[in-house]
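Each residue of the sequence shown is one higher than the last, beginning at 25 in my numbering.
Glycine included, every Cβ here is placed at the ideal spot set by N, Cα and C.
None of the values given here were measured: they were computed from a predicted structure.
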Amino acid sequence: MANVATKTKTKLKMTPSEAIVETLVAEGIDHISGILGSAFMDMLDLLPTAGIKFIPVRHEQSAAHMEDAYTRITGKAGVVVGQNGPGITNMVTSVAAANMAHTPMVVISPSAGTSSIGWDGFQECDQVSVFEAITKETVRVPHPSRVADCLRTAFRIAYAERGPVLYDIPRDYFYGEIEDYILEPHQYRAESRGSGSLESIEKAAELLAEAKNPVIISGRGTVDADGIDVVKEIAEHLTAPVATSYMHNDAFPADHPLAVGPIGYMGSKAAMNTIKDADVLLAIGTRLSVFGTLPCYDIDYFPEQAKIIQIDINPKHIARPHHVEVGIVGDAKAASVEICKRLKEKKPNVQVDKERMAKVAEEKRKWEEERVELAMIEGTPINPRRALLEISRAIPENTVVTSDIGNTSSTANAYFDFTQSRKHIAALTFGNCGFAYPAAIGAKIADPDSPVIAIVGDGAWGMSLHEVSTAVEQKLPVVACVFNNGAWCAEKKNQVDFYNNRFVGADIEGPNFAEVAKAMGANGVTIDRPEDIKGAIEEAIKSDKPTVLNIKVDGTQLAPPFRKDALKMPHRLLPKYAHLDVENWDK
């Protein structure tokens with residue numbers, strides 16, 4: 025039916041559930057993640073026949089994290105679903121994270137039946153109101169005859185605005201009889217983005233041709249647009265160093281002579297020391313987020329006096345935190361191709377700037393030496409940086425790495441280099457714990473031929489270890505590298521630096537995660553010597569089975585505070601709390 029339906033120009037008589045599923049088939053959706061529920065069971069019953077796999081998770085939050093990662097790798101919008109009320113509200117955190125990550129996604133949101141709305145019925149919740157602030161749009165189905173039309177609208181907005189869309193449908197609207205078209209995606213949404221204003225592109229090319237010290241930042245938009253090759257071409261023509269935006273380390277190949285690494289928290293000093301001297305900054309496919317451009321290592325590197333050229337598909341992201349000289353609303357690849365063409369016309373027959381190449385090489389050498397030196401400091405039992413270094417050296421080149429939020433997970437920004445795109449899937453600026461492991465599961469679904477490892481702290485692991493059951497059930501051999509230091513160490517570092525080592529709520533106790541993994545049907549290994557990490561990683565990948573590596577790391581070797589910009593030394597006014605005042609710490 026599907027092949028015939030998607031080609032027909034006549035209306036078909038269908039149930040609403042059939043219209044929804046056929047629209048998903050036309051969109052190329054081959055799986056949906058979530059937890060089953062009575063609200064959408066009529067639709068669910070059709071999925072196997074339609075060729076759409078339903079992947080059941082253990083907690084609905086995991087579903088949207090999985091689809092976030094799946095979309096970042098494939099470019100295809102993920103789809104999630106859950107029971108009305110708590111099933112959908114359980115996705116709030118992960119949908120908000122996908123929204124901040126600009127990841128297209130459709131949340132099929134069954135809601136209370138129309139005959140009982142307002143009676144505070146079982147599992148009733150105004151889900152549209154809940155999700156309005158954390159999605160690009162909420163699309164409410166007003167009548168059963170509109171189910172396919174509204175779902176098409178949801179996909180159109182998700183792709184156009186790069187983020188999740190809530191598709192809210194009362195649970196009684198799955199039933200009945202309707203007549204509607206089943207359309208191909210090209211019939212209701214535009215695929216081509218375009219290069220943006222040619223006048224702006226001309227100005228950008230002029231600035232770059234005249235620049236004495238141009239630097240490029242390549243971001244997620246470059247990856248999504250498959251634009252890395254043209255970024256290389258521009259960089260090589262200008263002898264311009266290329267940094268990657270915060271936690272998008274795969275947006276430019278690390279082995280390229282002009283690559284200087286990632287900016288942002290715990291990024292590359294080579295990138296920061298290079299960018300700070302730029303006179304023209306070409307930011308391709310990046311929103312230049314506030315957090316992703318904060319000073320780090322006490323280097324206030326972002327060149328506010330530089331002339332910034334910013335390319336982004338979303339006009340809302342142009343010049344938000346940083347003013348620009350030229351803003352280009354367009355596809356990262358298409359805009360870069362046009363800039364490159366004009367640049368070569370304005371500045372033909374250029375020579376490689378050997379002095380600049382040497383300077384880039386020296387900055388990279390110094391940073392590599394420093395990050396290895398920091399990793400080799402002894403820890404009890406293992407320096408977390410040493411563990412990151414050993415993992416980075418052990419994984420194959422095509423490995424997908426997902427990373428969580430936390431002290432060690434974020435330090436991973438300094439240690440993982442990528443030569444291929446769509447391999448770095450990080451939690452990004454929503455900053456919630458529990459992202460990396462479900463994201464790893466989604467990444468493995470998207471890229472089954474590549475090894476997938478998750479970098480997770482023991483705090484975040486407590487929020488995601490239940491999904492080991494999902495990995496086992498679905499036979500998805502992801503490797504969880506759990507950095508076990510017995511504490512919420514990102515926050516603990518704040519208590520070290522700002523609260524005189526007074527630890528409230530920082531220390532946590534957990535079970536033996538390796539043994540828990542074994543009880544759940546996975547492999548589990550505890551590691552307390554750095555020299556054992558490489559072999560454990562290699563064996564885990566070779567086993568082709570979900571594996572949890574319980575890596576015991578030193579809880580006193582901590583990275584700088586995440587929010588140094590947002591914390592202040594404590595002052596107390598009531599006598600009862602005077603001993604806590606910073607001025608009384610040494611008394």
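My output table needs one value for residue i: the three-state DSSP class, helix, strand or coil.
i	result
residue 528	coil
residue 388	helix
residue 75	coil
residue 401	coil
residue 519	helix
residue 191	strand
residue 283	strand
residue 608	helix
residue 65	helix
residue 268	strand
residue 599	helix
residue 412	helix
residue 242	strand
residue 252	helix
residue 448	strand
residue 459	coil
residue 302	coil
residue 55	strand
residue 171	helix
residue 540	helix
residue 232	helix
residue 80	strand
residue 48	helix
Cβ atoms of residue j and residue i: under 8 Å apart, would you say?
i	j	result
residue 437	residue 291	yes
residue 336	residue 366	no
residue 40	residue 243	no
residue 305	residue 241	yes
residue 284	residue 267	yes
residue 507	residue 482	yes
residue 186	residue 373	no
residue 58	residue 84	yes
residue 605	residue 596	yes
residue 263	residue 389	no
residue 93	residue 426	yes
residue 564	residue 496	no
residue 687	residue 152	Outside the modelled stretch of the chain, which goes from 25 to 611, sits residue 687, for which no answer is possible.
residue 36	residue 76	no
residue 567	residue 547	yes
residue 135	residue 193	yes
residue 411	residue 549	no
residue 330	residue 294	no
residue 370	residue 431	no
residue 24	residue 89	What the structure shows of the chain is the stretch from 25 to 611, and residue 24 is not part of that stretch, so it cannot be assessed.
residue 345	residue 314	yes
Among the options, whose alpha-carbon lies nearest the alpha-carbon of residue i?
i	options	result
residue 98	424, 602, 38	424
residue 308	550, 191, 570, 246	246
residue 570	143, 257, 492	492
residue 416	435, 430, 401, 429	435
residue 166	182, 158, 196	196
residue 458	252, 215, 44, 86	86
residue 363	429, 523, 230, 282	230
residue 433	421, 452, 67, 147	452
residue 173	205, 144, 154	205
residue 289	567, 277, 276, 316	316
residue 38	221, 70, 55	70
Would you grab the beta carbon distance between residue i and residue j for me? Rounded to a whole angstrom, and I think it's under 8 Å.
i	j	result
residue 202	residue 169	5 Å
residue 96	residue 449	6 Å
residue 51	residue 286	That pair is no contact at about 33 Å.
residue 561	residue 418	4 Å
residue 479	residue 556	That belief does not hold up - the Cβ atoms of residue 479 and residue 556 are roughly 17 Å apart, past 8 Å.
residue 61	residue 137	At roughly 13 Å, the Cβ-Cβ gap does not stay under 8 Å, so residue 61 and residue 137 are not in contact.
residue 476	residue 464	5 Å
residue 360	residue 254	4 Å
residue 350	residue 228	5 Å
Might you give, ordered along the chain, the residues of its own chain that have their beta carbon closer than 8 Å to the beta carbon of residue i, omitting 5 neighbours on each side?
i	result
residue 250	357, 445
residue 279	441, 443
residue 581	401, 403, 407, 408, 409
residue 384	265, 281, 282, 284, 294, 298
Who are the near neighbours of residue i in its chain, counting only those whose CB is closer than 6 Å to its CB and skipping five residues on each side?
i	result
residue 586	514
residue 296	323, 325
residue 509	577, 579
Excluding the 5 residues preceding and the 5 following residue i in the sequence, name in chain order all residues of the same chain whose CB lies nearer than 7 Å to its CB.
i	result
residue 130	101, 103, 178, 179, 182, 189, 191
residue 525	519
residue 387	284, 294, 297, 298
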